[in-house]
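The sequence shown runs contiguously to residue 513 in the numbering used here.
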Amino acid sequence: MSSVAPVQAAEVGEWAAETDVLVVGFGAAGASASIGAAAAGVAVHVVEAAGGWGGATVMAGGSLYLGGGTPVQKACGVEDTVEAMFAFLQAATGPDPDSAKLEVYCENSLEHFDWLVRCGVPFEAKLWTEPSWEAPTGYGLMYTGGENTYPFTEIAAPAPRGHVPHMTDKKPGERSAGWMLMSHLAETAEAAGARAHYDTRVRRLVVDGGRVVGAEVSRFGERSFVKARRGVVLSAGGFAANETMLAQHSPRLLGNFLVGTDGDDGTGIRLGQAVGAAVRHMDAGQTSFPADPALLYRSLLLDRRGQRFINEDSYAGRTGQAALFTQDRQIFLLYDEEANDEATASSGLPIEPTWVSDDLAELEGEMGLAPGALATTVGQYNAGAERGEDPVCHKSSRWVRPLRPPYGVLDLRGAQFGVFTTGGLHTSVRGEVLSLDGEPIPGLFAAGRTSSGIPAWGYCSGTSLGDSTFFGRRAGRTAAAT
Ligand SMILES: Cc1cc2nc3c(=O)[nH]c(=O)nc-3n(C[C@H](O)[C@H](O)[C@H](O)COP(=O)(O)OP(=O)(O)OC[C@H]3O[C@@H](n4cnc5c(N)ncnc54)[C@H](O)[C@@H]3O)c2cc1C
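Pasting the structure below:
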C-alpha cells in the first residue's frame, strides 16, 4: 500500500488547481456531496480514479432504504411511520447502531425521497413480495431488511422500505437500478456546477496547522496539488478490495468475492486515519448469502451439526452475516421437492443439489453428521409445521410446511459470499470526520462506505445507498458552509 502520510502545505510548491470543496470519488456519496456543496453556491471539483462516474453504485440493485410514509409506500397501500422505521433500524443495524444518524435519517426520509425525485430518479409504485435480492422490472418497493420476520415483527410495525428506481433493461450486477440512480445523480451534480476530473486519484491530503486544505492527486503518473479552500470530502468507497486491510480488520471477509470495484481499496479511510481520524466497526460487512433467497426461505438452513441457527426467512444479508460470522461458512441447505419447484418457479434460477435422497439417515452420512441429527431436526421442524408454527426459529407461517421426501441438500461449506465493508471513518451527523477525541477534523468530511453510517454493523439492503446519498448531501453542505 502506498504511503498516505499527509503533505504539509508549506511543502506544496504550486497549486495546479483551486476549488472550494474537493470531493474524492464520484459514486453515490460523491455525487450527492457534490450536489449538496454546489447547491450552496460554492465551487466544487470531484476527482475520480476511474475513467468515469459510478463506482460500486452503478453495479447496485439500486434499492434505497426510505420510509415513514413515502408517496410510493402510500400508493402501494403501505402504512409506515418514522417511529417504526427508527425502531426497526435501531434493532437491525446493531450491535451499536448509530442512533444519532438513525434519528436524522428517519426524520428526514420523506424529504430525501423528494430530493431524489427532484434529481430525476424515477420510482415505481408497485410492491414486490417474493424473496429475492432484487425486484424485477416494474416493481419499486420491497422488504429489504426482514421487517416482516422474527425478531423484528416483535419490535416494530413492519413495512417494506426498499425503494427501487425504475429501469427497463436491467442486467443485475452490471447495469441495474443503481446505474439509473447514479446517472441522475451525476447529471444533477454536473448541472449544479460540479466539475469532474476522471482518471485522477487522490494520493495524500495536504494539511496546514491541523486543517485539511487540499490533496495531492495523480493523473497518468503525473502528480499535482489541488487546493480546497473549504474542505475535502472523502467518498472513495470501502476496503473490500484490499486484502491487507481485510486481514487487519475483518479477516472473516477474506476468501469471498468482492461486491464492489477495485476502487474499494480503502484509500479514503486510510487518508482520514493518516490525519488522526477515528474509525468505527471496521469488522462489519454486508455478506450476501450464497444461494437463491427463494430457496433459502423454503429450506432448513443447517450448521455443521445439522441444527438450525436462524429463521430462514430473515433478510438474506442477515442470514449471510450469521452464517459467515458465527458458523464459519460451514452450512447446508436441506429442502424437499415442493420447495425446489416453488423456488424455481419464483426466481427462475436452477438448483443443483449436492445430494438427493428419500432417506435422512443416508443424507446424514453424506453430510458427515452424527447419526440421528437430521431426523431430530426435521422431526422437530415438521412437528411444529403441522400446526403452521416454527417454535424453534420463528420462521413466518407463510414459509412453514412439513418437509417430505425426496430431500435435496446443498452443501455450502466454504461457498463464497458476496461481501463489501461497512466500517469506516467516524463521522458526525453533519458529515464531519471526527478525531480520536471525537472532535471534527477541520476541513475534512466523509460519506458513503468510506464512513461508518446507517449500516453500523447489521445491514439491510438499501441502507448503503440510502446512507451514501443522504449523508453525502449533508457532508457536501457542511463543507460548503465551512
Ligand atoms: C451488485 C451490487 C448490488 C448492490 N445492491 C445494493 C442495493 O440494492 N442497495 C444498496 O444500498 N447498496 C447496494 N450495493 C452496495 C452499494 O452499491 C455500495 O455500498 C455504494 O454504492 C457505495 O457508494 P459509495 O459512493 O460509498 O462508493 P462507490 O459508488 O464505490 O464510489 C466510490 C468511488 O471512489 C473512487 N475512488 C476510490 N479511491 C479513490 C481515490 N483515491 N481517488 C479518487 N477516486 C477514488 C472509486 O473509483 C469509486 O468510483 C450493491 C453493490 C453491488 C456491487
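Ideal placement from N, C-alpha and C gives every residue a C-beta, glycine not left out.
Whole-Å CB distance - residue i paired with residue j, under 8 angstroms assumed
| i | j | result |
| --- | --- | --- |
| residue 265 | residue 277 | About 19 angstroms; that fails the 8 angstroms criterion. |
| residue 294 | residue 80 | 6 angstroms |
| residue 299 | residue 219 | That belief does not hold up - the Cβ atoms of residue 299 and residue 219 are roughly 22 angstroms apart, past 8 angstroms. |
| residue 433 | residue 417 | 6 angstroms |
| residue 287 | residue 448 | 5 angstroms |
| residue 116 | residue 140 | 7 angstroms |
| residue 123 | residue 512 | Actually they do not touch by this definition, with Cβ atoms about 32 angstroms apart. |
| residue 120 | residue 485 | 7 angstroms |
| residue 487 | residue 354 | Incorrect: roughly 20 angstroms between the Cβ atoms, too far for contact. |
| residue 19 | residue 89 | Any property of residue 19 remains undetermined from this structure, which presents the chain solely from 32 to 513. |
| residue 517 | residue 335 | The structure shown does not extend to residue 517, since the chain is modelled only from 32 to 513, so the question has no answer here. |
Beta-carbon proximity of residue i to residue j, cut-off 7 angstroms
| i | j | result |
| --- | --- | --- |
| residue 43 | residue 237 | yes |
| residue 439 | residue 371 | yes |
| residue 67 | residue 504 | yes |
| residue 52 | residue 61 | no |
| residue 441 | residue 385 | yes |
| residue 154 | residue 194 | yes |
| residue 499 | residue 59 | yes |
| residue 400 | residue 337 | yes |
| residue 69 | residue 169 | no |
| residue 177 | residue 349 | yes |
| residue 483 | residue 462 | no |
| residue 35 | residue 305 | yes |
| residue 196 | residue 212 | yes |
| residue 261 | residue 457 | no |
| residue 271 | residue 257 | no |
| residue 147 | residue 107 | no |
| residue 229 | residue 83 | yes |
Residue i (DSSP reduced to helix, strand or coil)
| i | result |
| --- | --- |
| residue 177 | coil |
| residue 307 | coil |
| residue 430 | helix |
| residue 409 | helix |
| residue 255 | strand |
| residue 143 | helix |
| residue 340 | coil |
| residue 231 | strand |
| residue 43 | coil |
| residue 327 | helix |
| residue 264 | strand |
| residue 55 | strand |
| residue 284 | helix |
| residue 414 | helix |
Opening and closing residue of the alpha helix (DSSP H) in which residue i lies
| i | result |
| --- | --- |
| residue 362 | Neither: residue 362 is in no alpha helix (DSSP H) and is coded neither H nor E. |
| residue 210 | 208-222 |
| residue 502 | 494-511 |
| residue 186 | No alpha helix (DSSP H) contains residue 186, which DSSP labels as neither H nor E. |
| residue 228 | Taken as a continuous stretch (DSSP letters only), residue 228 belongs to no alpha helix (DSSP H), being part of the beta strand (DSSP E) at 226-228. |
| residue 351 | 347-352 |
| residue 120 | 113-123 |
| residue 394 | 391-398 |
| residue 130 | 130-138 |
| residue 70 | 59-70 |
| residue 425 | Element bounds for residue 425: n/a, residue is neither H nor E. |
| residue 276 | 274-280 |
Paired residues, beta bridge with residue i - DSSP
| i | result |
| --- | --- |
| residue 367 | 438 |
| residue 291 | DSSP lists no partner for residue 291. |
| residue 246 | 236, 257 |
| residue 202 | 206 |
| residue 463 | 476 |
| residue 317 | 451 |
| residue 50 | 259 |
| residue 154 | 196 |
| residue 35 | According to DSSP, residue 35 bridges with nothing at all. |
| residue 103 | Residue 103 is not bridged to any residue. |
| residue 96 | 193 |
| residue 456 | 310, 482 |
| residue 302 | In DSSP, residue 302 forms no bridge with anything. |
| residue 471 | 465 |
| residue 159 | 173 |
Residue range of the unbroken beta strand (DSSP E) whose run includes residue i
| i | result |
| --- | --- |
| residue 76 | 75-78 |
| residue 355 | Taken as a continuous stretch (DSSP letters only), residue 355 belongs to no beta strand (DSSP E), as it is neither H nor E. |
| residue 388 | 386-388 |
| residue 333 | 331-333 |
Heavy atom of ligand 3 within 6 angstroms of residue i beta-carbon
| i | result |
| --- | --- |
| residue 88 | Here the bound small molecules are ligand 1; ligand 3 is not part of this structure. |
Chain B contact for residue i (CB, 7 angstroms cutoff)
| i | result |
| --- | --- |
| residue 455 | Note that chain B does not occur in the displayed structure, where there is just one protein chain. |
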